[in-house]
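Remarks on the structure that follows.
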Amino acid sequence: MFNATVSDISFINCVYQKYHRDSMEIEMQGKAMRKTIVASRISDMQKRRCGRSCVYCNISRNLTREQGFRNSRRRYLNSKGNKGPMSSSKKPTGDEDDIMSVTSDIPGFFKGRCVFVTGGTGFMGKVLVEKLLRSCPDIATVYLLMRPKKGNDINIRHEELIRSEIFDGLRNERPGFASQLVAIRGDVTLDNLGLTLEDRSLIEKKVSVVFHCAANVRFDQKLKNAVKYNTLGTSRVLELAEGIDNLDAFVHVSTAYCHCEQPVLEEVTYPSHTDPHNILQLVEWMDDDVLDSITPKLVGKLPNTYAYSKNLTEQLVSSYSAKFPTAIARPSIVTGPWREPIPGWVENLNGPTGLLVGAGKGVIRSMHCHPEFSADIMPCDIAINAIIILAWRVANLRPRQPLVCNVTESGDNSLSWAFVLDTGKKYLYENPLSDAIWFPDGSIKTSWLIHTLCVIFFHFLPAYLIDLLVTLCGKKPL
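Mind the numbering: the sequence shown is residues 1 to 478 in full-length UniProt numbering, read in order.
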């Protein structure tokens with residue numbers, strides 16, 4: 001329907017940066033009040049022992065290093081009779097109270113370690129790799145599972161990755177960072193991940209932390225493709241992890257929308273309604289037409305085949321939790337980074353970015369939802385921080401069940417879809433996109449009937465009309 005140019009993506013980056021600058025001004029104005037709120041919130045976190053809140057607490061305390069957060073934590077420790085910060089040399093016993101009393105040292109944890117990452121060339125994967133290399137400079141090696149793509153072998157793709165703008169800051173600080181980033185030829189869609197015996201042996205002997213981020217995130221894909229990539233691919237990564245000699249943490253990146261049938265998404269694992277092994281066998285032998293016909297029955301109340309495949313995948317990860325320490329991160333709608341490495345950096349049109357570009361070009365005129373509903377948007381850098389801390393935490397706790405973290409907004413600083421739409425309009429009017437087809441406008445519709453009529457008259461009919469005119473002019477339709 002529309003094509004985004006490089007300038008459009010750059011504009012989106014500028015919108016994010018401008019919006020975050022405005023947000024930081026408001027943040028500075030309310031800093032004193034926020035310190036008091038954070039102090040009481042940390043106390044509440046400790047009382048509830050909430051897995052997600054504990055991760056958020058660690059993010060605030062150990063990564064951002066804001067003085068207000070440090071003071072809040074010190075007040076909390078003093079209120080409990082502690083005279084000063086706990087030493088990081090204290091060995092945890094596995095109890096959650098013990099692990100929370102230990103001052104975490106994330107860079108120290110990764111010092112000298114070898115890490116294996118799948119999906120490292122994707123949006124979240126790149127931010128994860130950059131964060132590990134920049135904030136954990138003494139990490140030994142980050143091994144990236146990488147497949148040839150579009151005629152380029154892994155060596156060319158490795159060079160392209162290193163030259164990516166997301167590594168500009170790291171490149172200026174440590175020009176030799178590329179020596180810590182090693183590409184390993186492989187593919188989650190192949191048996192044994194397509195690894196050679198030498199590469200598999202290397203991983204099994206050296207790696208101690210695995211981040212599994214690889215996924216096909218298309219919502220409209222057929223069930224067979226979703227299951228083969230997301231579920232079967234994860235099964236192959238789990239089999240590799242089982243053979244690693246000294247695995248301290250396996251972190252699987254899932255989604256917060258793989259259990260939509262639950263009224264409240266708790267930080268626990270839920271049994272899937274269908275056995276993942278049976279579904280893996282089903283997609284192997286069943287005819288595509290028959291499989292497509294039963295897909296709605298299998299998916300049930302889940303929104304799409306992507307969410308369903310992730311639902312099955314969590315069940316697989318849970319089955320390995322007794323063999324090695326596992327964790328499941330469930331981010332919600334991930335968007336451009338808030339602060340690092342580049343505020344607002346995006347490289348594709350997935351999620352809210354595509355919605356903003358489509359609305360800015362005038363082709364999206366209606367959105368079906370309730371305007372007061374929360375837009376559970378999570379900046380990529382916050383999600384990645386939580387995922388990294390989750391690896392540290394599961395390695396220290398070594399639980400016998402998966403450690404689950406819902407990387408979602410808590411309700412304390414929520415944004416409504418109405419706010420997102422109004423803010424988008426504001427910046428789009430000030431900075432219009434290139435090649436806009438129609439004046440950016442439209443609104444949120446709570447009525448499905450009204451929304452459908454608007455889609456017919458303002459989406460489909462104008463699209464067909466424009467394609468007809470373009471065809472009559474002898475050009476290729478949009």
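No residue lacks a Cβ here, since even glycine has one placed at the ideal position from N, Cα and C.
What is the DSSP secondary structure of residue i, reduced to helix, strand or coil?
{"i": "M286", "result": "coil"}
{"i": "H277", "result": "helix"}
{"i": "A241", "result": "helix"}
{"i": "I444", "result": "strand"}
{"i": "residue 479", "result": "Any answer about residue 479 is impossible in this case: the structure gives the chain only from 1 up to 478."}
{"i": "N230", "result": "helix"}
{"i": "F123", "result": "helix"}
{"i": "T255", "result": "coil"}
{"i": "A322", "result": "coil"}
{"i": "R330", "result": "strand"}
{"i": "N152", "result": "strand"}
{"i": "T118", "result": "strand"}
{"i": "T353", "result": "helix"}
{"i": "T335", "result": "strand"}
{"i": "K111", "result": "strand"}
{"i": "H370", "result": "coil"}
{"i": "F458", "result": "helix"}
Taking the alpha-carbon positions, what's the residue i to residue j distance?
{"i": "K224", "j": "D288", "result": "8 Å"}
{"i": "A453", "j": "R365", "result": "Reading the sequence as shown, one finds Leu at residue 453 and not Ala. Looking at the two C-alpha atoms, the distance is approximately 11 Å."}
{"i": "Y320", "j": "V346", "result": "34 Å"}
{"i": "R200", "j": "E284", "result": "26 Å"}
{"i": "K205", "j": "G358", "result": "48 Å"}
{"i": "N155", "j": "P399", "result": "38 Å"}
{"i": "K310", "j": "T231", "result": "7 Å"}
{"i": "A436", "j": "L355", "result": "14 Å"}
{"i": "L461", "j": "P296", "result": "29 Å"}
{"i": "L197", "j": "G243", "result": "13 Å"}
{"i": "S135", "j": "K361", "result": "38 Å"}
{"i": "L291", "j": "D138", "result": "49 Å"}
{"i": "P343", "j": "L282", "result": "44 Å"}
{"i": "N216", "j": "Y229", "result": "6 Å"}
{"i": "D153", "j": "F116", "result": "19 Å"}
{"i": "A395", "j": "V455", "result": "50 Å"}
{"i": "A386", "j": "S293", "result": "39 Å"}
{"i": "F167", "j": "M124", "result": "14 Å"}
{"i": "residue 482", "j": "I384", "result": "Residue 482 lies beyond the residue range present for the chain, which begins at 1 and ends at 478; the question has no answer from this structure."}
{"i": "H259", "j": "L298", "result": "14 Å"}
{"i": "L403", "j": "T326", "result": "6 Å"}
{"i": "Y76", "j": "L193", "result": "In this prediction, Y76 has a pLDDT of 34, which is less than 50 and means its spatial position is unreliable; what the coordinates show is noted afterwards. Taking the straight line from one Cα to the other gives about 47 Å."}
{"i": "F458", "j": "Y270", "result": "41 Å"}
{"i": "T141", "j": "H277", "result": "33 Å"}
{"i": "I203", "j": "G186", "result": "12 Å"}
{"i": "R330", "j": "E409", "result": "11 Å"}
{"i": "I328", "j": "Q401", "result": "10 Å"}
{"i": "I450", "j": "H273", "result": "35 Å"}
{"i": "D441", "j": "L421", "result": "10 Å"}
{"i": "R340", "j": "D381", "result": "It should be noted that the sequence gives Glu, not Arg, for residue 340. The straight-line gap from Cα to Cα measures roughly 6 Å."}
{"i": "L132", "j": "K126", "result": "10 Å"}
{"i": "Q315", "j": "V268", "result": "11 Å"}
{"i": "T471", "j": "S434", "result": "22 Å"}
{"i": "N431", "j": "G351", "result": "21 Å"}
{"i": "R348", "j": "G336", "result": "Before going further, note that residue 348 is Asn rather than Arg in the sequence given. Their backbone Cα atoms lie some 10 Å apart in a straight line."}
Quick one: is residue i buried, meaning 16 or more other Cβ sit within 10 Å of its Cβ, or exposed?
{"i": "I190", "result": "Correcting the residue type first, residue 190 is Leu in the shown sequence and not Ile. By the neighbour-count rule (16 or more Cβ atoms within 10 Å), L190 is not buried but exposed."}
{"i": "H212", "result": "buried"}
{"i": "Y308", "result": "buried"}
{"i": "Y429", "result": "exposed"}
{"i": "P379", "result": "buried"}
{"i": "R113", "result": "buried"}
{"i": "V129", "result": "buried"}
{"i": "H370", "result": "exposed"}
{"i": "V264", "result": "exposed"}
{"i": "P148", "result": "exposed"}
{"i": "I37", "result": "Confidence is the limiting factor: at I37 the pLDDT is only 40, short of 50, which leaves the residue's position unreliable, though a coordinate-based value still follows. Exposed."}
{"i": "I279", "result": "buried"}
{"i": "E261", "result": "exposed"}
{"i": "F439", "result": "exposed"}
{"i": "V188", "result": "buried"}
{"i": "F109", "result": "buried"}
{"i": "E165", "result": "exposed"}
{"i": "D105", "result": "exposed"}
What runs of the beta strand (DSSP E), each 3 residues or longer, lie entirely inside the region 168-215? 181-185 and 207-212
Below 8 Å, how does it come out for the region 384-402 and the region 457-477: are there three or more Cβ pairs, yes or no? no
Residue ranges of each alpha helix (DSSP H) run of no fewer than 4 residues wholly in the region 376-453, ordered along the chain? 380-397 and 417-430
Counting Cβ pairs closer than 8 Å, one from the region 115-126 and one from the region 157-164, do we hit at least three? Yes, the region 115-126 touches the region 157-164.
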